[in-house]
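Each residue of the sequence shown is one higher than the last, beginning at 3 in my numbering.
Note that CB positions come from ideal geometry on N, CA and C, so glycine has one too.
Beneath this line is the structure, given in C-alpha cells, with notes to follow.
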Amino acid sequence: MNVALSSDHRGYASKEQIKAYLTAAGHNVSDHGCENTASCDYPDTALAGAKVVAGGGAERGIFFCGTGIGMSIAANKVAGIRAALCHDELTAELSRRHNDANVLCLPSDLIGDELMRRVVDVWLRTEYEGGRHDRRLQKITEYENNGQCSV
C-alpha cells in the first residue's frame, strides 16, 4: 500500500519508527515532513501529507504529533480527507469500518511504540463496511463540495 507520513517535531521519532516498520512490511512510504526534532508548525506537514492523500498520490496517510489533535484538525481541512485520531485498536478499526478514514492521526506523547504499531496494523488491514455508512459519508462529501447537504 502507498502510505503518506507526516509529523511535527513531537511526532518525529514515532514517524521514523513507523516509517521503518511499514517499509520492512513492504509498504511504499512517502515522507512529508518534518525532517528532525526542531520545532515546526503542524499545519505545514499535515496539509502537505493530506494533499497527497486527497490527490491520489497515496492510498492512506498516517500523521503524528504530541496529541494527534492538531494534525487531525489540519488534515480535515483538505477536501476528501477523513482524518481520525485513534488511541487504540478499536477506534482504529471503527474509523475504517464505519468512517472510511483515509488518514490516521496518532498521539506520539500518549501511547507507546508497541501499541502504536498494533493500531497501525489494525487500521491498515481494516476495510470500509459501506452500506448504511455510505449515506453519511455522502453528506460530508456534499457539504465539502457545495457547502450544504441533504439534511
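Would you call the CB atoms of residue i and residue j closer than 9 Å?
i    : j    : result
D33  : L7   : yes
A77  : C42  : no
V122 : D90  : no
L24  : V5   : yes
D10  : G68  : yes
D102 : R84  : yes
G51  : G63  : yes
G70  : P109 : yes
Going straight from the alpha carbon of residue i to that of residue j, what length do you get?
i    : j    : result
V31  : A86  : 19 Å
M3   : A81  : 22 Å
N104 : I75  : 14 Å
G57  : T128 : 22 Å
L131 : E95  : Note that residue 131 is Glu in the sequence shown here, rather than Leu. Distance between the alpha carbons of E131 and E95: 11 Å.
K79  : R12  : 21 Å
R134 : L126 : 22 Å
D136 : G149 : 19 Å
L92  : I20  : 19 Å
Q140 : V124 : 25 Å
C88  : A40  : 25 Å
In the DSSP assignment, what residue or residues form a beta bridge with residue i?
i   : result
D33 : L7
L92 : Paired residue(s): none; L92 is not in a bridge.
Assuming residue i contacts residue j under a Cβ cut-off of 8 Å, what Cβ separation, rounded to an integer in Å, is found between them?
i    : j    : result
F66  : S97  : Incorrect: roughly 16 Å between the Cβ atoms, too far for contact.
G35  : T47  : 4 Å
E146 : S152 : So it is not a contact: roughly 14 Å between Cβ atoms.
Taking only beta-carbon atoms, is residue i less than 9 Å away from chain B?
i    : result
K141 : Absent from the structure: chain B. Only one protein chain is present.
Whole beta strand (DSSP E) runs in the segment 38-82 with 3 or more residues, listed along the chain? As far as the segment 38-82 is concerned, its whole beta strand (DSSP E) runs of at least 3 residues are 62-67.
Would you list, in sequence order, the uninterrupted beta strand (DSSP E) runs of no fewer than 3 residues that lie entirely inside the segment 4-29? Considered as a whole, the segment 4-29 harbours 4-9 as its complete beta strand (DSSP E) runs of no fewer than 3 residues, in chain order.
Secondary structure, beta strand (DSSP E): runs of 3+ residues fully inside the segment 94-141: List check, beta strand (DSSP E) in window: 105-109.
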